[in-house]
Each structure stands twice: as structure tokens, then as C-alpha cells.
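The structure appears below as C-alpha cells.
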Amino acid sequence: MEWIVKRKGIELLLIVICYVLQVTLFKALNIGGISPNFMVMFPIFAGFYAGSREGIFTGFAAGVMQDVFFSSLFGFSSLVFVIYGYLTGRLSEDFDDYEWRIPMLILLASDFVYESFVYFGNFVLHGEFDFLFAVRRIMIPEMMYTGIVGLILIWPFRELIRKTRPAETKRERAVTDDETVD
Amino acid sequence: MLRTIRDFLTTKRLFVGMVFLCTMMIAASFFTDSLVMPVRRFVSIFVVPVQKGMNNLGMVAVDTADRLDTVESLQNENEELKAKVESLTEESNRLKEDSYELSRLRTLYSLDEHYSSWPKTAARVIGSNSDNWYSTFTIDKGSNDGIEKDMNVIAGNGLVGIVTEVHKNYSLVKSIIDDNAYVSGMVLGSGSICTVEGDLKLMDEGMIHVSNFKADSNVLNGDKIVTSNISSKYLEGILIGYAKDVSVDGNQMTMSGYIVPVVDFEHLQEVLVITKKKSDATSDD
């Protein structure tokens, strides 16, 4: 059981570090006013390399951080990220441990979908705001920037998961998970 | 023990449980802040001190990038500036005379309500919004330093925004370029009242919207727009920016246009919080 505590501790620490980076350093290093979204990476990468449970856990924690200071709808990001983590974990069972293109694609799509939700939740009520502008000026640039940062972080993240995993392999664990479900 | 919990909490049950929990959190946040406040207090213990340090690092990184970028343009600029210095020295002499006259006239008209006389406290910007949609930021002063909700925030000579939330050692500030921000303004001189509203679509132009002028107002490019006397939250007479392209709307009743803000929101590092509130100011009189 020790490895669970260890891994979860490291993940929480990483989420806090990335959150601080997101609201300070990367706000300063913005490109055309756009900064990357670190938080959405956690449920995707953790879900893909460590399974649904880890995806749900990191998704919840990262969502709480995303919302805690600057959102009026506390829990919204957590909800989306928990669903991301679960679905990515389910999907990952069909791929091997070294696959990286699939999680990157999921990451890009996820960031886009998440920002669309935020847009519809916050701006549609304003009326005059148009979606195409938001897509062109905010969502796509953010998606690209998040993708670049994700590309840098995906390898260390996978290694971290591999280093802190229990003796049994991922596929075996996926099988035991399925057994407990039935 | 852990084993039994893990066996009971199958992935599917865990998922459904977490989705339910998040939905409850969202539902609760419609009615009350009491759920998010303890979480916020807990997280801020770890995050706020780190943020202060990290933000300095961010500024160093930006400064270095800017410096490399601009060596060449600086050389050209230097030439131009040298020429400008001469003309400015001359102008400065003239202005000194004017300023002497101005201070004399001010005393005469007892216009000492100018905002240089308000009590202020300096604060450092320690973090910006976690997403790309809104323009709110945190500052490193809170209720311990006497900050209160609805205090006005300025930088240099212009209005930055307003304090929306106060915690022990940090506060949240909503800037006037935020898509949700509305400020009642007026044209310095003529006193025409208008509404200044932030607009995400203008983020590239670095401008904000101004609207609701009466159709007969005469607003020229470069007119100073300041916070109005009828605003309930903003102290009167804080400079917001300069009017640009104000024209009559389609309905022929109102005029609208843009404002070029005096504050450089891109490079905001230190702000001044005016520790006097409009509500106090009016009750004093």
C-alpha cells in the first residue's frame, strides 16, 4: 500500500507546483496574452499511464486547484477533469506503456473541449460575444501552447508513474480492476 | 483495512461517487461560498508564499527576453530620445511655470480632493488568473494590512481595478479590462457620463469599450476619461484613459467608442491600493 501514498503525495506536490507555475511564470511568458493550461494534463497523463483511479484522483485535485481562487463555479473543473481521467484510463487499456501520441491527441482535444465548456458556461449569457473569435483567439492558441508544454512533460510524467508503481505490471492490474468490477 | 476500502471502491463506483461529489460542489457554489472558503484558506497556506518567489522569477525571465529583443531598437531609440531631450528640456521649463500656476489655482479652488492626497498602500502582484478568459489577479496584501473589499486599485496614474475579495495575507483584484467589469466614467472637463466596460475581444488592441454617452456629448480623441462622481464604488476623478473614436450609435440616442487605458496591464508588477473607500468618503462629508 505504501506505493499508493507515495505516488499520490508526489502527484499532489506536482499539481501545486504546476499551478503556481501556471499563475506566475507562464502568465509572464504568455504568447499573445495566452498561457498554457497545466491542470488539464494531470487527469490525461495519469489516467493514461496509471489507469482510471489515478486519473480520477489527479483530475479531482487539479480541478480543485483550477477553480479554487478564480472561479465562481467551484467544482466545475473537477467534474470535467474527473470524467477525463476516468475515460482516458479506460481507453489506455488498449495501448502499451510507451505510447505517447494518443495521450497527446487526447490532451489537445480535452483542453479544447474544456475551454468550450467554460466559454458556454460563462460567455454565452453575455450575448454579443462570438464563438469563432473565442476559438481562433483563445482556444486554439491555448491548445497549442498546452500541447507544447505537454510534449515536454509527458516523458518525465510517464517515468514518475513507472518509478512509483507496484511490482505487478499495468496490464495485470487492469485485469484485476476488471475482475473487481464484475 | 485499505484493502477492504479498495475492494469496495471499484473504479466505477469511485467514478460515480466523484462525479456526484463534484456536482454537489457546483450546486453548493450557486448558493454559498462557505464550501470553497476553507479549501481556499488551506491551499493558500502553501501556494501564496511560493507564488511570491515564483513571480519574481517570472519577471526576471520576461525582463531578460525583453532585453535581448530590444538592444537594436534601443540604439535607434536612443538617437531619437537625445533629440527629444533637448525639446523636452525647453518644454519642461515652460511647464514648471505652468505647474506653479496650477498649484496656486488648485489651492484657490480648493481642489485638494485630487487622488494624490488619498492614503495608499503599495502591493505586489503575485498571481494572475488561472485561465485565459478573465483578467483578475492576486496581490500580496490582505486584511492583515488593512485591505478591504471594494477598495480601488491604481498603478502609476491610472485606475487598475477594484478589490473583490480579501483574505488574511492576499486579496483578489478584478481589473477594468476584465470582460465582466463595468465602471462609471466621465469626460474630464465636460463631465459627460459614460460606462466603461472591459471586452475580451479587444485584448489585442489593448483597449476597452466606452458607451452610453448621450448623443449630444462632444467627445474628441484624446479626451481624458476619469471615474465619475456618481459611481458607487470608485472614488471620483481617477484617470482611466484617453477616449478614442467615439461616435454616435445606430439608435441615434447614445454614443460609444474606445478608451486607451493609461495603465500597462501587460506588465503590472506593483499596484497601489487606495485605503479609502467611496462609501467612507461619502459618509465623511
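Chains Y and C, in that order, give the protein sequences.
The first sequence lines up with residues 1 to 182 when you count with the numbering used here.
The second sequence lines up with residues 1001 to 1285 when you count with the numbering used here.
No residue lacks a Cβ here, since even glycine has one placed at the ideal position from N, Cα and C.
Keep in mind it's a predicted model, so treat the numbers as computed, not measured.
Using a beta-carbon distance below 8 Å, is residue i in contact with chain C?
| i | result |
| --- | --- |
| Y/K27 | yes |
| Y/F60 | yes |
| Y/T24 | yes |
| Y/I161 | no |
| Y/S84 | What sits at residue 84 of chain Y in the sequence shown is Tyr, not Ser. Not an interface residue. |
| Y/Y19 | yes |
| Y/L91 | no |
| Y/G75 | yes |
| Y/L79 | yes |
| Y/I184 | What the structure shows of chain Y is the stretch from 1 to 182, and residue 184 of chain Y is not part of that stretch, so it cannot be assessed. |
| Y/S110 | no |
| Y/I56 | yes |
| Y/W3 | no |
| Y/E142 | yes |
| Y/F69 | yes |
| Y/F133 | yes |
| Y/R7 | no |
| Y/V16 | yes |
| Y/R53 | yes |
| Y/V118 | yes |
| Y/E152 | Residue identity differs from the one stated: residue 152 of chain Y is Ile in this sequence, not Glu. So no, Y/I152 is outside the interface. |
| Y/V149 | no |
| Y/V64 | yes |
| Y/I138 | yes |
So is residue i in contact with chain Y if we call contact Cβ pairs under 8 Å?
| i | result |
| --- | --- |
| C/E1022 | Inspection of the sequence shows that residue 1022 of chain C is occupied by Cys rather than by Glu. Yes, its Cβ sits closer than 8 Å to a Cβ of chain Y. |
| C/D1112 | Per-residue confidence for C/D1112 stands at a pLDDT of 41, beneath the threshold of 50, marking its modelled position as unreliable; no derived number is given. |
| C/D1131 | yes |
| C/Q1051 | yes |
| C/G1257 | no |
| C/R1040 | yes |
| C/I1026 | yes |
| C/F1031 | no |
| C/K1201 | yes |
| C/V1153 | no |
| C/V1210 | no |
| C/L1014 | yes |
| C/V1166 | no |
| C/N1055 | yes |
| C/G1127 | yes |
| C/L1035 | yes |
| C/Y1134 | yes |
| C/A1061 | yes |
In the DSSP assignment, the alpha helix (DSSP H) including residue i goes from what residue to what residue?
| i | result |
| --- | --- |
| Y/T58 | S52 to V68 |
| C/V1226 | No alpha helix (DSSP H) holds C/V1226; the beta strand (DSSP E) holding it covers K1224 to T1227. |
| Y/Y145 | I140 to K163 |
| Y/G85 | F76 to S92 |
| Y/F133 | F131 to A134 |
| Y/R7 | E2 to V23 |
In the DSSP assignment, what residue or residues form a beta bridge with residue i?
| i | result |
| --- | --- |
| C/G1127 | C/T1138 |
| C/M1255 | C/F1213 and C/V1248 |
| C/A1122 | C/L1272 |
| Y/G121 | In the DSSP output, where bridge partners are listed per residue, Y/G121 has none listed. |
| C/Y1301 | Because chain C is modelled from 1001 through 1285, residue 1301 of chain C falls outside the range shown and cannot be assessed. |
| Y/I31 | Y/I34 |
| C/I1208 | C/I1259 |
Looking at the ligand HEM, does it come within less than 7 Å of residue i, judged from the CB to the closest heavy atom?
| i | result |
| --- | --- |
| Y/G75 | The ligand HEM is not part of this structure, which contains no ligands at all. |
Below 8 Å, can you find three or more Cβ-Cβ pairs linking the segment 53-70 of chain Y to the segment 93-113 of chain Y?
no
Worksheet item: Are at least three pairs of beta-carbons, each pair with one atom in the segment 1178-1187 of chain C and one in the segment 1226-1236 of chain C, less than 8 Å apart?
Response: yes
* Asked: Does the segment 1269-1278 of chain C come within contact of the segment 1117-1135 of chain C, defined as at least 3 CB pairs closer than 8 Å?
  -> yes
Exercise. Fully enclosed by the segment 1147-1202 of chain C, which beta strand (DSSP E) runs are 3 residues long or longer?
Worked result: 1152-1155, 1158-1166, 1171-1175, 1182-1187 and 1193-1197
At which residue ranges does the segment 1010-1071 of chain C contain complete alpha helix (DSSP H) runs of 4 or more residues, listed in the order of the chain? 1011-1031
- Does the count of Cβ pairs from the segment 34-49 of chain Y and the segment 1060-1067 of chain C closer than 8 Å reach three? no
Is it the case that the segment 103-123 of chain Y contacts the segment 140-160 of chain Y, given that we only count it when at least three CB pairs across the two stretches are under 8 Å? yes
Legend entry - the segment 1171-1180 of chain C in contact with the segment 1253-1273 of chain C per 3-pair CB rule at 8 Å: yes
inquiry  = Would the segment 1247-1255 of chain C count as touching the segment 1093-1102 of chain C if we require 3 or more Cβ pairs under 8 Å?
reply    = no
The segment 34-50 of chain Y: which residues have C-beta closer than 8 Å to a C-beta of chain B, in chain order?
Annotation note: the requested chain B is absent from the structure, which comprises protein chains Y and C.
Quick check: the segment 1043-1051 of chain C against the segment 1163-1171 of chain C, are there 3 or more CB pairs under 8 Å? yes
- Touch check for the segment 1024-1032 of chain C and the segment 64-79 of chain Y: three-plus C-beta pairs under 8 Å? yes
Worksheet item: Taking one C-beta from the segment 1123-1134 of chain C and one from the segment 1208-1216 of chain C each time, how about it: are there three or more such pairs within less than 8 Å?
Response: no
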